[in-house]
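Under my numbering, the letters of the sequence shown match residues 81 to 334, in that order.
A short worksheet on the structure shown next.
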Amino acid sequence: MGIARLLAKAWVVFCIFSGAHALRIALATGQPLPSAAFSIGICVLLFVAMGLLFAGGFGVAGGPLAGDRPGAPLIARLKPRYLVPGFDEIVFMVFLALSFTVQAVVSPTTVGSGVPGALESALYFAIPGERALVDQLSLCSMDGGRAFAGAFTWLLALIYLASAASRIKLSAGLMRLERAGRPDILGPTLRAFLLGCVAVVGIQFLAMGSAYPWFACSAYTDITGALLIGLFPLMLVYLIVAALTSLMAASPEN
81 MGIARLLAKA
91 WVVFCIFSGA
101 HALRIALATG
111 QPLPSAAFSI
121 GICVLLFVAM
131 GLLFAGGFGV
141 AGGPLAGDRP
151 GAPLIARLKP
161 RYLVPGFDEI
171 VFMVFLALSF
181 TVQAVVSPTT
191 VGSGVPGALE
201 SALYFAIPGE
211 RALVDQLSLC
221 SMDGGRAFAG
231 AFTWLLALIY
241 LASAASRIKL
251 SAGLMRLERA
261 GRPDILGPTL
271 RAFLLGCVAV
281 VGIQFLAMGS
291 AYPWFACSAY
301 TDITGALLIG
311 LFPLMLVYLI
321 VAALTSLMAA
331 SPEN
């Protein structure tokens, strides 16, 4: 996967997930569904278009695909297979839907006992970032199921990481074939290095929990907290898998 496509996917997911939580918060404050959905939908579409324009410009800089006419317009170079999600992408979208459902519907009604309490305790022990989140929520005297939502998202992230890692050799082979058709402007080694650096920073901020104390208590009651708890852990493991795949694809094929 090229950097441009990775940026485009990440931006679209970020905008849609943010828009869904914005709609949830608007409905919780008593706004009517039609007006809230219209105004938020327009904002989401504009932000998605802005990000895709940037990512598309970066992708065009990589040069035409093998077999494309020189100077062919971008729309002519857009292949239908680029729009079909792979198995990992489908699993990722399902996990995103589960994470949002738990945040919006399930977590507000949990009381930290039974299965939710056991999951919180297990992830509290296993993930330093979950401990940092719980500590920050305790300092803010708030929970409202947020600790359970965070634990559930980390569980999904670990499952996705294990699932995608089992197919990383196949993904690396597909990336080599794609690279043969269209060389990446950054090169495979530099791409793997950049993705790895961003993944390391993300691990420190999220998995180790360095980022949670930076946010004020009010952030955990709005979209910022929803993204931090329900989206970013999944995006982090997706980035880790992309970095490992790029690294394996950069090495000589055995």
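Each residue gets a CB set at the ideal place from its N, CA and C atoms; glycine is no exception.
Taking DSSP as the reference, what is the three-state secondary structure of D223?
coil
Simplified DSSP state of M173, which is helix, strand or coil:
helix
Short Cβ contact (8 Å threshold) for A330 with T269
yes
Count the C-beta pairs between the segment 232-246 and the segment 317-327 that are closer than 8 Å, then say yes if the count reaches three, no if not.
yes
Given a cut-off of 8 Å on the beta-carbon distance, is the pair I303 and A102 in contact?
In this structure, A102 lies closer than 8 Å to I303 by Cβ.
Between G143 and Y204, what straight-line distance do the alpha-carbon atoms span, to the nearest angstrom?
Low confidence applies here, because G143 scores a pLDDT of 49, under 50, leaving its location unreliable; read the following figure in that light. G143 and Y204: Cα-Cα distance of roughly 47 Å.
Going residue by residue through the segment 255-310, where are the continuous alpha helix (DSSP H) segments of at least 4 residues, counting only ones entirely within it?
Secondary structure remark: continuous alpha helix (DSSP H) runs of at least 4 residues inside the segment 255-310, in chain order: 268-282, 303-310.
Round the Cβ separation of G289 and G230 to the nearest angstrom and send it over; I've been treating them as touching at under 8 Å.
Rounded, the Cβ-Cβ distance is 10 Å, inconsistent with contact.
I'd like to know if L241 contacts chain C, where contact means its C-beta is closer than 8 Å to some C-beta of that chain.
The displayed structure is made up of one protein chain only, and chain C is not part of it.
Is T190 buried or exposed, if buried means 16 or more other CB atoms sit within 10 Å of its CB?
buried
Is the beta carbon of L217 sitting closer than 8 Å to the one on R226?
yes
Candidates L307, L311, Y300: which alpha carbon is nearest D223's?
Y300
Which first and last residues belong to the alpha helix (DSSP H) in which G99 is found?
First-last of the alpha helix (DSSP H) with G99: 83-108.
Once you ignore the five residues that flank L214 on each side, which residues in its own chain have a CB closer than 7 Å to its CB?
Checking the displayed sequence, the identity of residue 214 turns out to be Val instead of Leu. These residues qualify, in order along the chain: Y204, A227.
Out of E258, C220, A252, R271, which one is the CA nearest neighbour of G305?
C220
Sorted by chain position, which residues of the same chain lie with C-beta nearer than 7 Å to V278's C-beta, five sequence neighbours on each side aside?
Apart from sequence neighbours up to five positions away, the residues of its chain that approach V278 with a beta-carbon distance below 7 Å are L319, ordered along the chain.
Excluding five sequence neighbours on each side, which residues of the same chain lie with their C-beta closer than 6 Å to the C-beta of L274?
none
On the premise that A237 lies in contact with P313, defined as a C-beta separation below 8 Å, what is that separation, rounded to the nearest angstrom?
4 Å
To the nearest angstrom, how far is the alpha carbon of V128 from that of P165?
18 Å
If you run the structure through DSSP and keep just helix, strand and coil, what is G121?
Correct three-state label for G121: helix.
Can you tell me whether I239 is helix, strand or coil according to DSSP?
helix
Where Q216 sits in the DSSP three-state scheme:
DSSP, read as helix, strand or coil, puts Q216 in helix.
Span separating the alpha-carbon of A106 from that of I207
32 Å
Note down, in chain order, each residue of its chain lying with its Cβ closer than 7 Å to the Cβ of R104, except the 5 sequence neighbours on either side.
A184
For P313, report the span of its alpha helix (DSSP H) as first-last.
312-330
Taking the alpha helix (DSSP H) that V195 falls in, what are its first and last residues?
194-206
Using the three-state DSSP reduction, which class does Q111 fall into: helix, strand or coil?
coil
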